[in-house]
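**Q**
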Amino acid sequence: MGELSGIFLDFIRNWGYVAVAVLMAMENACIPIPSELILGFAGYLIFADQMTFTGALTAGMIGGMAGSIFAYYVGDKGGRPFVDKYGHYFFVKKSHVDLAQRWFDKYGIRAVFFSRMLPVVRTFISLPAGFGHVNMKSFLVMTFIGSLPWTAMILYIGMKLGEHWEKMLAVGHEASIIFVIVCVVIIGYLYYKHKTKKRGLK
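Residue numbering for the sequence shown follows the working numbering, beginning at 270 and increasing consecutively.
#1: Measure the alpha-carbon distance for K406 versus M320 and round it to whole angstroms.
#2: Quick one: measure Cβ to Cβ for A290 and I331, integer angstroms, because I've assumed they're closer than 8 Å.
#3: Compute the Euclidean distance between the alpha carbons of A398 and L368, then round it to the nearest angstrom.
#4: By Cβ distance below 7 Å, which residues in the same chain neighbour M411 in space, the five residues on each side in sequence not counted?
#5: Identify the continuous alpha helix (DSSP H) that holds W284 and give its terminal residues.
#6: How many angstroms separate the CA atom of K363 from the CA atom of G312?
#7: Are C299 and A335 close, meaning C-beta to C-beta below 7 Å?
#8: CB-CB under 6 Å to H365, same chain, minus the five flanking residues each way: which ones, in chain order?
#9: May I ask which residues mark the beginning and end of the alpha helix (DSSP H) holding D318?
Here it is as structure tokens:
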């Protein structure tokens, strides 16, 4: 995949938003193209006034949602045997699918939300959701609200790093884990406040 990075960057440079959407669709359709590469470079192009933040965010979300839906239906219609048999033709490793499956088995539909911000798992979590035939509406909601902050964050970091955007590639995994921890703390706090307020009204 490292040898293809230059091709991906040229694709984004020449095709802009369309390329961001296509590559994000490929990543979320279980082809392991790092979103840090796609969105980090798009962030640099925002810094260079060749893209807008809103445009890149929209393109990234459209592509990500489309790829996730595709992967969901592969899992839903083909099942695990189909993915195990043909996945290697598309760089899908069984160990990566196993990891996503463990997350889904443990957390259910909530895994679709949190996994969108985690390395490796975010690329493959749609497959076990499809294997489990989860409700499509719930899948789409969890995918959207999990993907939006991650997409916006990577674009923003790439934009702020500017010409040094490639530094993100070295710390992308660590940053995503920290981001998830922060999200968990915020959600936990909001849930606690909500429950406290409800008790106070009784």
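All residues carry an ideal CB built from backbone N, CA and C; glycine is no exception. Model, not experiment: these values are computed from the prediction.
**A** Here's the rundown:
#1: Spanning the two alpha carbons is a distance of roughly 31 Å.
#2: A290 to I331, Cβ: 5 Å. Contact.
#3: Linking A398 to L368 through their CA atoms gives a straight-line distance of about 13 Å.
#4: The beta carbon of M411 is closer than 7 Å to those of I378, V381 and F382 in its chain, skipping five residues each way along the sequence.
#5: Segment S274 to W284, the alpha helix (DSSP H) holding W284.
#6: Answer to the nearest angstrom: the Cα atoms are 32 Å apart.
#7: With contacts defined as CB atoms closer than 7 Å, C299 and A335 fail to qualify as a contacting pair.
#8: Only residues of its own chain outside the window of five on either side were considered, and among them V389 and F393 have a CB closer than 6 Å to the CB of H365, listed in chain order.
#9: From DSSP, D318 is part of no alpha helix (DSSP H); its letter is neither H nor E.
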